[in-house]
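Residue numbers (our numbering): 1 to 263.
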């Protein structure tokens with residue numbers, strides 16, 4: 001794993017989010033550094049997606065604040081925030097029959113004026129992003145005809161076309177087969193290293209988190225209980241506490257999970 005440069009790009013300060021007086025996440029604080037690869041782990045219902053939505057400003061924290069480049073995210077216009085943060089969701093659905101090229105071009109909207117046509121620069125950036133994600137050959141194909149892995153690569157290409165220093169990803173590999181999971185993670189690693197892009201990704205697969213992450217954020221019951229270097233966080237003891245399972249960690253590369261009852 002590379003060393004993360006001490007250059008804070010995002011700050012989460014005492015963030016809580018509640019619905020009908022029930023805390024979904026509570027008093028979460030951490031900072032992300034430019035060029036870091038961060039994985040968020042925790043059981044279903046631990047607050048991972050809610051945290052990501054607070055960071056992306058799609059929902060407003062009940063308490064606390066989020067800053068990007070030392071500026072509160074609610075002080076950014078939506079267009080300017082889209083210059084800072086892009087988001088890749090777990091599932092992407094489209095009402096209309098867009099081509100892959102059109103979807104990636106949507107990543108350029110934050111840089112275009114109202115009713116402006118796509119510029120030559122936009123075209124060039126989209127082509128570069130699609131080639132980088134190995135989706136250029138899909139440019140004329142409807143997104144409704146793509147496989148799960150192909151669609152996720154197209155959505156990552158769209159995030160790349162936004163040219164943001166931060167990409168947030170909500171379980172982008174959870175519905176993919178093993179081959180495509182590693183394909184997407186290798187692509188994100190390439191983007192992280194070549195562009196110095198900060199990656200913040202929610203993962204269920206602990207082996208993927210171990211293999212690709214610089215640091216881990218571990219949530220339980222809406223609270224951030226561990227945050228630090230990957231190999232220091234992903235220990236047998238911590239996995240037991242987080243998921244109530246036993247784990248074997250093989251050569252610091254693979255994590256094998258066992259039910260407590262089977263040990």
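By construction, the Cβ of each residue, glycine as well, lies at the ideal position given by its N, Cα and C atoms.
Taken through DSSP and simplified to helix, strand or coil, residue 180 comes out as helix. Apart from sequence neighbours up to five positions away, the residues of its chain that approach residue 200 with a beta-carbon distance below 6 Å are 38 and 168, ordered along the chain.
Taking 8 Å as the upper bound for CB-CB distance, residue 164 and residue 85 are in contact here, some 6 Å apart. Taking a 10 Å sphere around the C-beta of residue 235, we find fewer than 16 other C-beta atoms and assign the residue as exposed. Residues 139 of the same chain have their beta carbon placed closer than 6 Å to that of residue 101, with the five preceding and five following residues left out of the count. Ranked by how close their Cα comes to the Cα of residue 108, the residues 96, 126, 21 and 97 have 126 in first place.
Between the alpha carbons of residue 73 and residue 57 lies a gap of roughly 7 Å.
With respect to the C-alpha of residue 197, the residue from 172, 228, 34 and 69 having the closest C-alpha is 34. DSSP, read as helix, strand or coil, puts residue 26 in strand.
In the three-state reduction of the DSSP assignment, residue 33 falls in the strand class. DSSP lists 167 as the bridge partner or partners of residue 86. In the DSSP annotation of this structure, the continuous segment of the beta strand (DSSP E) that includes residue 219 starts and ends at 215 to 220. Excluding residues up to 5 positions away in sequence, 219, 220, 221 and 222 lie with their Cβ nearer than 8 Å to the Cβ of residue 46 in the same chain.
Rounded to whole angstroms, residue 116 and residue 79 show a C-alpha spacing of 15 Å.
When secondary structure is reduced to three states using DSSP, residue 204 falls in the coil class, being assigned neither helix nor strand. The shortest CA-to-CA distance from residue 64 to any of 28, 50, 184 and 123 is the one to 28. Around the beta carbon of residue 121, fewer than 16 other beta carbons lie within 10 angstroms, which makes this residue exposed.
Here residue 227 has 30, 215, 216, 217, 218 and 233 as same chain residues with Cβ atoms under 8 Å from its own Cβ, once five neighbours each way along the sequence are excluded. Rounded to whole angstroms, the gap between the alpha carbons of residue 144 and residue 152 is 12 Å.
In the displayed model, residue 223 falls within a strand according to three-state DSSP. Ranked by Cα distance from residue 230, the first of 43, 212, 111 and 61 is 212. Beta-bridge annotation (DSSP): residue 12 is paired with 30 and 66. Assignment of beta-bridge partners to residue 7 by DSSP yields no partner. Shortest Cα-Cα distance from residue 132 to any of 181, 161, 147 and 36 involves 161. Annotated three-state conformation of residue 99 is strand, per DSSP. Residue 50 carries a helical assignment under DSSP once its states are collapsed to helix, strand and coil. Residues 171 and 174 of the same chain have their beta carbon placed closer than 7 Å to that of residue 204, with the five preceding and five following residues left out of the count. One thing to note: residue 156 has its Cβ within 8 Å of the Cβ of residue 187.
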